[in-house]
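**Student:** For the record, the sequence lines run as chains E and D.
Numbering of the first sequence is given in this note's numbering, commencing with residue 1 and proceeding in unit increments.
Numbering of the second sequence is given in this note's numbering, commencing with residue 268 and proceeding in unit increments.
Quick reminder that beta carbons are idealized off the backbone N, C-alpha and C, glycines included.
Shown below is the structure under consideration.
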Amino acid sequence: MASVSAPMNPAILQRPNAISICVKEAKYEFLKSVRFPMFSVGTLVFPLMFYVLFGLVMGRERIGSLRSSVYLIAAYGTFAVMGASLFSTAASLAAERGLGWLEVKRASPMPPFAYFLAKVIMGLTFSTIDVLALMLLGVAFGGVQLPAATMAKLALTLIAGSLPFCAMGLAIGYFARPNSAPAVINLFYLPMSFCSGLWMPFMFLPKFVQRVGGFLPSYHLSQLALNLIGGGEAGSRWGHWETLIGFALLCLGIARLGHQRDQRAQG
Amino acid sequence: MASAPQSTHSFASLPRPAGEIAQFTRVRKDYGTVQALIDFTFEVRAGELVALLGPNGAGKTTAIKLLLGLVKPTSGRLAVFGGDPASTETHTRIGAMLQVGRVPETLRVREHIDLFSSYYPDPLPIERTLAIAGLTTLRDRKFGDLSGGQKQRLLFALAICGNPDLLFLDEPTVGLDVEARLLLWQEIRNLLERGKTIVLTTHYLEEADALADRVVVINKGSLVAQGTPAEIKARTAGKKIRCVTELSAAVVRRLPGVLDVGRDRETTVIHTSRPEEVLRQIFPLDLNISGIEVTSAGLEAAFLALTREPNN
Chain E
1 MASVSAPMNP AILQRPNAIS ICVKEAKYEF LKSVRFPMFS VGTLVFPLMF
51 YVLFGLVMGR ERIGSLRSSV YLIAAYGTFA VMGASLFSTA ASLAAERGLG
101 WLEVKRASPM PPFAYFLAKV IMGLTFSTID VLALMLLGVA FGGVQLPAAT
151 MAKLALTLIA GSLPFCAMGL AIGYFARPNS APAVINLFYL PMSFCSGLWM
201 PFMFLPKFVQ RVGGFLPSYH LSQLALNLIG GGEAGSRWGH WETLIGFALL
251 CLGIARLGHQ RDQRAQG
Chain D
268 MASAPQSTHS FASLPRPAGE IAQFTRVRKD YGTVQALIDF TFEVRAGELV
318 ALLGPNGAGK TTAIKLLLGL VKPTSGRLAV FGGDPASTET HTRIGAMLQV
368 GRVPETLRVR EHIDLFSSYY PDPLPIERTL AIAGLTTLRD RKFGDLSGGQ
418 KQRLLFALAI CGNPDLLFLD EPTVGLDVEA RLLLWQEIRN LLERGKTIVL
468 TTHYLEEADA LADRVVVINK GSLVAQGTPA EIKARTAGKK IRCVTELSAA
518 VVRRLPGVLD VGRDRETTVI HTSRPEEVLR QIFPLDLNIS GIEVTSAGLE
568 AAFLALTREP NN
């Protein structure tokens, strides 16, 4: 091979800080999404609206041993976290993959992980906003009185619970087409929510639906949240976490397959 | 294929860095059963503008994607700056303007540039990038609100914002009006003058003619010719014979050596790579032939000849 005599660029040695790239990537990912009304309405407004309607306006009676306004923070919190995570990751990944933008990014010196991390940070950010807003509404208008430590644990559990759904979003984003991605997301998101008892308390669901729900990560996250506030079905905490971690790894594996498939194809 | 000597630019006042900065060695790329590039050997030399010229689907974009590491070769070797084309280190010295279906529309012009600049170790100041791309007054405009030409200019801005040594421009002037195209050409020449190396794909012949030090003609995945625009024109000997003849176009078209026949009022225009031979055949057939004029047909006819003759 012919020798390469182009001068070495000393600047190569001082690559920009990967963390600052990630922060900037996440910042613009955030701006990009909040300026897109379809996204903000779907991930922020719907869960809060459901909570106001079913938890505050209609919610004077109890679900099991809990006030409905308390119970529904866990249920709609899970619902909100799922939506925020799935839409932050899958919808934009599918669009950017399918229409060439990801390729422009890959041709740049952007560290590849920054791109994915920015989407996951987005999922976490919107989940956090959703969860805090639900709690605020509950405390201000729903008579929710929980110890601060419990509130904090509940918030952290729900926010951490967004990670498996970010992984699921990446998996969907690698296989869905740009225009059908939102529909594909809803095809998973809405039935999963129903079967996990996020819309109607799990105990009121028909037996066969409960059986399906028991396999779903959304069920396990909602049970973790409910356990913290004294509701929920039987089952160990670690069992729920293990299921969520296993599910996340499975999704990352599927996303990886999609990534490799893209590399082999037109790219 | 004889390699062309380094041509000189009229405005090349700075010493050009020497050497090859990217090489293809017998590269082949298949997409499933489709052969996009076949046995492709070619190099990019420091400081030159090399134009990959070919009809749509010839393999130009595939060559660029290989150079960027976006796709891997099926076989053969490929090096950019002596290293792996896909590595982030290599990419810090490269800028690329690709054909893209959709760019995030809710980000503003300066935000897009700010983000891409942050990937590079030594980017241009954002103001400078905006000025070069002619986007200064549009800096706060969202991408979705830009016109087609303005969108192309933003993609150009993203390619140059990192102050890269090597630029890939994939069909950079598609969709631009004449004025915008000339402006972009000027910017491309300015970059060359500053010592940048540029690989450009185009199917506009005049673009290759106006900008390139070297033209590489690709057809159906194979390199069919390379050289300076002048050499390509001369070597393929795209010549045009204009004459007034009684022979019908159909008869002339059947003569050996004729590539194409057209008509310009009463004048017959014959494209050929061997004008002497064609004329020798015509004379006995038409003793009244008149108004003979043989001219160099320009890059267009050369290109026609190169991409049509099966075994050139």
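Spell out whether any CB of chain D is found under 8 Å from the CB atom of residue 261 of chain E.
**Tutor:** Here residue 261 of chain E is taken as the residue at index 261 of the first sequence, counted from 1. Not an interface residue.
**Student:** Identify whether residue 475 of chain D lies in helix, strand or coil by the three-state DSSP scheme.
**Tutor:** Your numbering for residue 475 of chain D matches position 208 in the second sequence. Of the three classes helix, strand and coil, the one that applies to residue 475 of chain D here is helix, per DSSP.
**Student:** Indicate whether residue 77 of chain E and residue 34 of chain E have their beta-carbon atoms separated by less than 8 Å.
**Tutor:** Here residue 77 of chain E corresponds to residue number 77 of the first sequence, with the count starting at 1. Here residue 34 of chain E corresponds to residue number 34 of the first sequence, with the count starting at 1. Not a contact, by the Cβ cut-off of 8 Å.
**Student:** Report the residues of the segment 363–375 of chain D with a CB closer than 9 Å to any CB of chain E, ordered along the chain.
**Tutor:** Within the segment 363–375 of chain D, the residues whose Cβ lies closer than 9 Å to some Cβ of chain E are 363, 364, 365, 366, 367, 368, 369, 370, 371, 372, 373, 374, 375, listed in chain order.
**Student:** Counting contacts by CB-CB distance shorter than 8 Å, is residue 563 of chain D in contact with chain E?
**Tutor:** Residue numbering aside, residue 563 of chain D sits at position 296 when the second sequence is read from its first letter. No - not a single Cβ of chain E is within 8 Å of the one on residue 563 of chain D.
**Student:** For a minimum of 3 consecutive residues, which ranges assigned as the beta strand (DSSP E) are wholly contained in the segment 400–462 of chain D?
**Tutor:** Complete beta strand (DSSP E) runs here, min 3: 433–437.
**Student:** Any beta carbon of chain E sitting closer than 8 Å to that of residue 383 of chain D?
**Tutor:** As a position in the second sequence, residue 383 of chain D is number 116, starting the count at 1. Closer than 8 Å to some Cβ of chain E, the Cβ of residue 383 of chain D qualifies, so yes.
**Student:** Using a C-beta cutoff of 8 Å, does residue 308 of chain D count as contacting chain E?
**Tutor:** For the purposes of this step, residue 308 of chain D is identified with residue 41 of the second sequence, where counting begins at 1. It does not: the Cβ of residue 308 of chain D has no partner Cβ on chain E nearer than 8 Å.
**Student:** 8 Å is my cut-off, CB to CB: does residue 596 of chain D come that close to chain E?
**Tutor:** With chain D covering 268 to 579 only, the question about residue 596 of chain D has no answer from this structure.
**Student:** Is the CB of residue 378 of chain D under 8 Å away from at least one CB in chain E?
**Tutor:** Residue numbering aside, residue 378 of chain D sits at position 111 when the second sequence is read from its first letter. Yes - at least one Cβ of chain E is within 8 Å of the one on residue 378 of chain D.
**Student:** So the candidates are D/421, D/544, D/436, D/471; which of them puts its Cα closest to the Cα of residue 445 of chain D?
**Tutor:** Numbered from 1 along the second sequence, position 178 holds the residue referred to as residue 445 of chain D. The option with the nearest alpha carbon to residue 445 of chain D is D/471.
**Student:** Between the Cα of residue 166 of chain E and the Cα atoms of E/122, E/190, E/206, E/51, which residue gives the shortest distance?
**Tutor:** On the first sequence, residue 166 of chain E is found 166 positions in, with the first residue counted as 1. Comparing Cα-Cα distances from residue 166 of chain E to each of E/122, E/190, E/206, E/51, the minimum goes to E/122.
**Student:** Would a check of beta-carbon distances place residue 117 of chain E closer than 8 Å to chain D?
**Tutor:** Taking the first sequence and counting its residues from 1, the one referred to as residue 117 of chain E is at position 117. Cβ-Cβ to chain D under 8 Å: no for residue 117 of chain E.
**Student:** Looking at residue 99 of chain E: is its Cβ nearer than 8 Å to the Cβ of residue 178 of chain E?
**Tutor:** Taking the first sequence and counting its residues from 1, the one referred to as residue 99 of chain E is at position 99. Taking the first sequence and counting its residues from 1, the one referred to as residue 178 of chain E is at position 178. The answer is yes: Cβ separation under 8 Å.
**Student:** Which whole-angstrom value describes the C-beta separation of residue 231 of chain E and residue 69 of chain E, a residue pair presumed to lie in contact below a C-beta threshold of 8 Å?
**Tutor:** For the purposes of this step, residue 231 of chain E is identified with residue 231 of the first sequence, where counting begins at 1. For the purposes of this step, residue 69 of chain E is identified with residue 69 of the first sequence, where counting begins at 1. The pair is not a contact, with the Cβ atoms about 12 Å apart (cut-off 8 Å).
**Student:** If we define contact as Cβ-Cβ less than 8 Å, is residue 153 of chain E a contact residue for chain C?
**Tutor:** Among the chains of the structure shown, chain C does not appear; the protein chains present are E and D.
**Student:** Check the C-beta distance from residue 539 of chain D over to residue 500 of chain D and give it rounded, since I have them as a contact under 8 Å.
**Tutor:** Stepping through the second sequence from its first residue, residue 539 of chain D is reached at position 272. Stepping through the second sequence from its first residue, residue 500 of chain D is reached at position 233. Not really, about 14 Å apart at Cβ, beyond 8 Å.
**Student:** Interface residues of chain D around residue 113 of chain E at Cβ under 9 Å?
**Tutor:** Residue mapping note: residue 113 of chain E aligns to position 113 of the first sequence, counting from 1. Residues of chain D passing the Cβ test: none, with the nearest at roughly 10 Å.
**Student:** Give every residue of the same chain whose Cβ lies closer than 7 Å to the Cβ of residue 311 of chain D, excluding the five residues on either side of it in the sequence, and list them in chain order.
**Tutor:** Looking up residue 311 of chain D in the second sequence gives position 44. Around residue 311 of chain D: 287, 288, 289, 317, 464, 466.
**Student:** Just the Cα atoms here: how many angstroms apart are residue 563 of chain D and residue 342 of chain D?
**Tutor:** The count along the second sequence starts at 1 and reaches residue 563 of chain D at position 296. The count along the second sequence starts at 1 and reaches residue 342 of chain D at position 75. Approximately 39 Å, taken between the alpha carbons.
**Student:** Please classify residue 437 of chain D as buried or exposed, where buried requires at least 16 other C-beta atoms within 10 Å of its C-beta.
**Tutor:** Translated into positions along the second sequence, residue 437 of chain D becomes position 170. Residue 437 of chain D is buried by the Cβ-count criterion.
**Student:** Determine, using beta-carbon pairs with one atom in the segment 483–491 of chain D and one in the segment 322–329 of chain D, whether at least three such pairs fall under 8 Å.
**Tutor:** Counting Cβ pairs under 8 Å, three or more are found: they touch.
**Student:** Residue 373 of chain D: which of E/136, E/263, E/44, E/31 sits nearest, CA to CA?
**Tutor:** As a position in the second sequence, residue 373 of chain D is number 106, starting the count at 1. The option with the nearest alpha carbon to residue 373 of chain D is E/31.
**Student:** So, is the C-beta of residue 322 of chain D closer than 8 Å to a C-beta in chain E?
**Tutor:** For the purposes of this step, residue 322 of chain D is identified with residue 55 of the second sequence, where counting begins at 1. By this cut-off, residue 322 of chain D is not an interface position.
**Student:** So, does the CB of residue 21 of chain E fall closer than 8 Å to a CB anywhere in chain D?
**Tutor:** The residue labelled residue 21 of chain E in the question sits at position 21 within the first sequence. Chain D contact via Cβ: present.
**Student:** For chain E, find out if any of its Cβ atoms is closer than 8 Å to the Cβ of residue 388 of chain D; answer yes or no.
**Tutor:** Within the second sequence, numbered from 1, the residue matching residue 388 of chain D stands at position 121. Yes, because at least one Cβ of chain E sits closer than 8 Å to the Cβ of residue 388 of chain D.
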